[in-house]
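Those sequence lines, one after another, are chains A and B. The first sequence begins at 4 in the numbering used here and counts up one residue at a time. The second sequence begins at 1134 in the numbering used here and counts up one residue at a time. The beta carbon of each residue, even a glycine, is placed where N, CA and C say it ideally should be. What follows is a short report on a single structure.
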Amino acid sequence: MTNKETLEERIGQWRQYLRRRQAVHSADVEELEDHLRSQIDTLRGAGLDEDEAFLVAVKRLGDLDTLAREYAIEYSERIWKQLVVSARSDSSSLTNQRDATVAVGLAIAAAAAIKIPELFGLHFPEPSADEWFYLRNLSLFALPFLAVFFALKRRLPRSGWFWLAVPFAAAGLVVNLLPFKPDSHTGMLAVIHLPIALWLMVCYAYAGGRWRRHEQRMNYVRFSGEWFIYYTLIALGGGTLMGLTNFIFEAIGLDAERALVGWVLPCGAMGAVIIGAWLVEHKQSVIENMAPVLTWLFTPLFTALLLIFVVAMIWTGNGIKVEREVLIGFDLLLVLVLGLLLYAISARDSQAPPGRFDVLQLLLETCALLVDALALWAIAARISEFGFSPNKTAALGLNLLLLVNLVWSAVLYVRFLAGRAPFTRLERWQTAYMPAFAVWAWFVTALFPVIFNYR
Amino acid sequence: MNIDKDLVAASATPLVLAILNEGESYGYAIIKRVGELSGGELQWTDGMLYPLLHRVERNGLVEAFWGRSEAGRGRKYYRLTRAGAEHLDRQRRQWQVVDQAMRGIWRIAVDPAAQPI
């Protein structure tokens, strides 16, 4: 009896020890444990005693570090936070410190960058004529530093630095040399699309030049989602801090608003881009649990909302009224659904069998597609009546782009649920589609003004 | 005999797929089968089989499902998919070419008068 207990204890310890490895999940431990026990049973049957059988079985299974490394290579996403599989524990604190220094330095540089134009007489937020300059260059103040952060971190080769610099230089030339009129439609479209275009270019640095690799792109998607959460949190905190500062300075009769709006807000917003990225790289375990929670929370809510909307539309017989903002509203809906889908994909264990949540996800997608199809139909009628304008074309293009992505995602989801395709097909479809978004964003930024004559 | 690491690595996937082609199986039984087939000469570190199985599962060559062992423990079974069978077929043809070439040269190495096939 005592012998049995000691064997169970030892297997328990072995399991604990294995569980500590990030790349080895509990299902894997269970599978390995079954192997270990089968091996022990066989060895016992051959006449070994419990101690010997346990030792031999563990030895045969292989040394746990090597084993964990094999799992890590196979499941890069499980330890993507460690970034390099072979990272040594002793040198990691040094790397962390170096990264922190680099991140803070680059954040300060980004914060300073947005104040540099002031030296040349361009002020923020007054006068409003200069606002246009800041708006169109907004992404160029922070994103190059973000790219540099990753280029340094991933030790990008020199040719990589060149390729990385090309899109940023091109963006700077496009927005500053083309004769945009302030507040023109094409100008505002460029302001919206340029950050997206450049954000996708940062993927090149993030992937250390290996941007064609599916895993790297998926990691970048994951990074983007988590960065967004961090940035929102920092913005909330920053907003609270600014509000309080304003309040207490007012109490002693000083007006802090000018300093806050002119310095703290722009510098903070730029610096937070880098700091957010650095936090994602180093403090993931908090967020890692947040992305799935957010998905689980909002997927059912949005599905319910869309279902009610469809029912209400059928019940009342009201069609969609085509107003100016309708197309943009439906674009946002699709972006949101795609965002939820991407969050769900990136947080999901690609090995897990189809579950109830997958059905829900598919339902959400189907509803969104249905609603969007109705909207598109209404909008197409309107465009054929009034012709194309920059805004309508941009919104329509994006809508079609998202529609294609989501329709095929839904098809792959159905195939996955029917057990006819592995989940990775869906992941690969999403990462393979990323360049399409980049191309479209660049197209709207750089060619729309020319096509629509800077309207 | 100590078989070269690269050779073990190269043959591992087709060997596992071929074993699964005989019918669904699980990790420990696969290891045992490898031992039987090679007369105990081909020894893997047992644990290494699992990352390999997971990789072929992820690539859709095999599918996995959880069942129970005789003792009632959870046990993960693997089964060859159609894509896996096709992949195995291609692999077999490639190995046959390699095998044939090797046989030819071994014969000459042993008996220089023999002609290559």
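Can you give me the start and stop residues for the alpha helix (DSSP H) that residue i sits inside?
| i | result |
| --- | --- |
| G228 of chain A | 217-254 |
| V374 of chain A | 359-389 |
| Q1176 of chain B | It is not in any alpha helix (DSSP H) - Q1176 of chain B carries neither H nor E in the DSSP assignment. |
| P295 of chain A | 293-319 |
| R423 of chain A | Where R423 of chain A is concerned, there is no enclosing alpha helix (DSSP H), given that its DSSP letter is neither H nor E. |
| W478 of chain A | An answer regarding residue 478 of chain A cannot be provided, because it is not within the stretch 4 to 458 covered by chain A. |
| T69 of chain A | 67-77 |
| W443 of chain A | 427-445 |
| F451 of chain A | 451-454 |
| W214 of chain A | No alpha helix (DSSP H) contains W214 of chain A, which DSSP labels as neither H nor E. |
| H285 of chain A | 268-285 |
| S162 of chain A | 161-180 |
| A259 of chain A | Careful: A259 of chain A lies outside any alpha helix (DSSP H) and carries neither H nor E. |
| P120 of chain A | 119-122 |
| D334 of chain A | 329-350 |
Starting from residue i, follow its DSSP beta bridges and name the residues at the other end.
| i | result |
| --- | --- |
| L1213 of chain B | B:V1195 |
| S1158 of chain B | B:Y1211 |
| G1200 of chain B | B:R1208 |
Please say whether residue j and residue i have beta carbons closer to each other than 8 angstroms?
| i | j | result |
| --- | --- | --- |
| L405 of chain A | L341 of chain A | yes |
| A294 of chain A | E229 of chain A | yes |
| Q354 of chain A | H1187 of chain B | yes |
| A154 of chain A | A110 of chain A | no |
| A350 of chain A | T298 of chain A | yes |
| P356 of chain A | L192 of chain A | no |
| G1200 of chain B | Y1211 of chain B | no |
| L343 of chain A | F312 of chain A | no |
| A145 of chain A | M273 of chain A | yes |
| V105 of chain A | F148 of chain A | no |
| L399 of chain A | L330 of chain A | yes |
| V442 of chain A | L345 of chain A | no |
| L1185 of chain B | A1145 of chain B | yes |
| F171 of chain A | L201 of chain A | yes |
| G474 of chain A | R261 of chain A | The structure shown has nothing for residue 474 of chain A, since chain A only spans 4 to 458. |
| L1213 of chain B | L1153 of chain B | yes |
| L282 of chain A | I348 of chain A | no |
| C270 of chain A | I119 of chain A | no |
| M221 of chain A | T434 of chain A | yes |
| E33 of chain A | G1205 of chain B | no |
| H38 of chain A | L10 of chain A | no |
| G322 of chain A | A413 of chain A | no |
| T189 of chain A | R458 of chain A | yes |
| V107 of chain A | R139 of chain A | no |
| A1136 of chain B | L1182 of chain B | Going by the sequence as given, residue 1136 of chain B is Ile instead of Ala. Cβ distance not < 8 angstroms, so I1136 of chain B and L1182 of chain B don't count as in contact. |
| L67 of chain A | A56 of chain A | no |
| Q1233 of chain B | P1147 of chain B | no |
| F446 of chain A | N402 of chain A | no |
| A26 of chain A | Y74 of chain A | yes |
| A444 of chain A | H196 of chain A | yes |
| A71 of chain A | R24 of chain A | yes |
| A275 of chain A | I237 of chain A | yes |
| L308 of chain A | E368 of chain A | no |
| D375 of chain A | L337 of chain A | yes |
Going along the segment 1198-1223 of chain B in order, which residues come within less than 7 angstroms of chain A, judged by CB to CB distance? S1202, R1206, G1207, R1208, K1209
Residues in the segment 217-238 of chain A having any Cβ partner in chain B nearer than 7 angstroms: Within the segment 217-238 of chain A, no residue places its CB atom closer than 7 angstroms to a CB of chain B.
Select from the segment 40-67 of chain A all residues with a C-beta closer than 7 angstroms to any C-beta belonging to chain B, and list them in chain order. R40, S41, Q42, R63, L64, G65
Quick one: which unbroken alpha helix (DSSP H) runs of 4-plus residues sit fully inside the segment 23-59 of chain A? Chain order, please. 29-48
Give, in chain order, every residue of the segment 6-38 of chain A whose Cβ lies closer than 9 angstroms to some Cβ of chain B. Considering only beta carbons, the part of the segment 6-38 of chain A lying closer than 9 angstroms to chain B consists of A30, D31, E33, E34, L35, E36, D37, H38, in chain order.
Looking at chain B, which residues of the segment 346-371 of chain A have a Cβ within less than 9 angstroms of any of its Cβ atoms? Contacts with chain B (Cβ-Cβ distance below 9 angstroms) from the segment 346-371 of chain A involve S353, Q354, P356, listed in chain order.
Please name the residues in the segment 1168-1181 of chain B whose beta-carbon is closer than 7 angstroms to at least one beta-carbon of chain A, in chain order. Under the 7 angstroms Cβ criterion, the segment 1168-1181 of chain B contributes T1178, D1179, G1180, M1181.
Short of 9 angstroms Cβ to Cβ, which residues in the segment 1187-1198 of chain B face chain A? Look at the segment 1187-1198 of chain B: the residues with a C-beta under 9 angstroms from a C-beta of chain A are H1187, R1188, E1190, R1191, N1192, G1193, E1196, A1197, F1198.
Residues within the segment 1143-1160 of chain B neighbouring chain A, beta-carbon criterion of under 8 angstroms: Y1159, G1160
Return the residues of the segment 427-441 of chain A that lie within a Cβ-Cβ distance of less than 9 angstroms from chain B, sorted by chain order. T427, R428
Which residues, in chain order, does the segment 394-420 of chain A contribute to contact with chain B at a C-beta distance below 8 angstroms? Residues are counted here when their Cβ sits less than 8 angstroms from a Cβ of chain B; for the segment 394-420 of chain A the count is zero.
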